[in-house]
Amino acid sequence: MRNHSVITTFIILGLTDDPQLQILVFIFLFITYMLSIIGNLTIICLILVDSHLKTAMYFFLQNFSFLEISFTTACVPTYLHIILTGDRTITIKACFSQVFFIVLFVATEFFLLAVMSYDRYVAICKPLHYVTIMNSRVCRILILCCWVSGLLIILPPLGLSLYLEFCDSVINHFVCDASPILKNSCSDTWFIEQLVIVCAVLTFITTLMCVVLSYIYIVKTILRLPSAQERKKAFSTCSSHIIVVSIT
């Protein structure tokens with residue numbers, strides 16, 4: 001029998017113990033969080049009320065904004081609460097819930113970016129068939145596939161992690177994350193660690209290949225356009241998506 005007490009809570013160390021730095025971190029995170037929420041809510045509302053924005057591209061953008069709001073809300077408010085109250089404890093259930101939602105939203109975002117690149121491919125390479133191919137039913141199915149894919153990525157490693165025993169309670173991070181949680185376990189975590197790597201690499205490679213292949217065809221099509229004005233207009237429709245993909 002192993003001699004250790006049952007751990008029911010974790011302690012999140014955060015970014016710093018310096019009170020002055022904590023104030024700066026709180027102000028910075030709070031302002032950026034509010035700007036993110038306001039900006040993305042504005043995008044969602046504009047798309048809902050403007051009839052000219054009822055296209056596939058803006059439908060995907062609306063869902064992307066929702067995912068951004070969900071992702072930042074899953075991690076930032078918890079740390080703001082820790083700085084504000086000084087209470088660094090979090091229950092294991094709450095910690096695993098946070099991991100679940102953070103990874104779900106991030107993975108779904110990756111798949112959505114791949115879908116958005118396909119949308120741009122259809123818009124530029126098959127413009128005459130765009131409305132037919134990217135109809136509302138297809139768009140809803142693609143969004144559903146993004147969410148299901150994100151769910152399938154997170155469930156296997158998280159499901160196995162629920163059976164872990166923990167010997168340490170300190171999380172050297174400002175949110176609950178897979179790596180610091182696994183470090184606290186006194187169970188054998190080798191298989192879970194490998195599964196996490198496989199799921200992460202699979203998500204990254206799959207979505208990246210979709211984006212790269214889409215843009216290879218897009219660039220080829222744009223370069224065949226006769227006038228510089230048409231090429232500029234075609235590139236401009238993809239510029240914002242390219243920037244988001246690059247940052248991600």
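Per the UniProt record's numbering, residue 1 is the first one in the sequence shown, and the count goes up by one each step.
In this text, a Cβ means the ideal position worked out from N, Cα and C, and glycines have one as well.
This structure is a prediction, so every number in the text was calculated from the model and none was measured.
Q: Mark aspartate 18 as exposed unless 16 or more other C-beta atoms lie within 10 angstroms of its C-beta, in which case mark it buried.
A: exposed
Q: Mind checking who phenylalanine 166 pairs with in its DSSP beta bridge?
A: Ser185
Q) Where do the N-terminal and C-terminal ends of the alpha helix (DSSP H) with threonine 203 fall, by residue? A) 190-223
(Q) So if DSSP puts threonine 91 in a beta bridge, which residue, or which two residues, is it bridged to? (A) Partner(s): Thr9.
Q) What's the C-alpha gap between valine 115 and isoleucine 124? A) Cα to Cα, valine 115 sits roughly 14 Å from isoleucine 124.
Q: If I'm right that threonine 89 touches threonine 207 with Cβ under 8 Å, what's the distance once you round it to whole angstroms?
A: No, threonine 89 and threonine 207 are not in contact; Cβ-Cβ is about 36 Å, not under 8 Å.
Q.
Taking the alpha carbon of leucine 142 as the reference point, which residue from Asp119, Val131 and Asn184 has its own alpha carbon closest?
A. Asp119
Q: Go to proline 19, then tell me how far its alpha helix (DSSP H) extends in each direction, as first and last residue.
A: 19-49
Q) isoleucine 171 bridges to which residues according to DSSP? A) Ile12
Q: Please classify methionine 134: does DSSP put it in a helix, a strand, or coil?
A: coil
Q) Should the region 74-86 be regarded as contacting the region 173-192, the criterion being three or more beta carbon pairs within less than 8 Å? A) yes
Q) Going straight from the alpha carbon of isoleucine 23 to that of tyrosine 33, what length do you get? A) 15 Å
Q) Run through DSSP, which three-state label would proline 127 get? A) helix
Q: Inspect the CB distances between the region 164-171 and the region 183-194 and report whether three or more fall short of 8 Å.
A: yes
Q) Could you give the residue range of the alpha helix (DSSP H) that holds leucine 61? A) 56-85
Q. Is it right to say glutamate 109 is buried, meaning 16 or more other beta carbons lie within 10 angstroms of its own, or is it exposed?
A. So glutamate 109 ends up on the buried side.
Q) DSSP on threonine 248, reduced to helix/strand/coil? A) coil
Q | Backbone CA spacing between isoleucine 43 and valine 138 [nearest angstrom] | A | 22 Å
Q) Closest by CA to serine 161, which one among Val148, Ser97, Gly150 and Ile216? A) Ser97
Q | Reduced DSSP category for aspartate 119 - H, G, I as helix; E, B as strand; rest coil | A | helix
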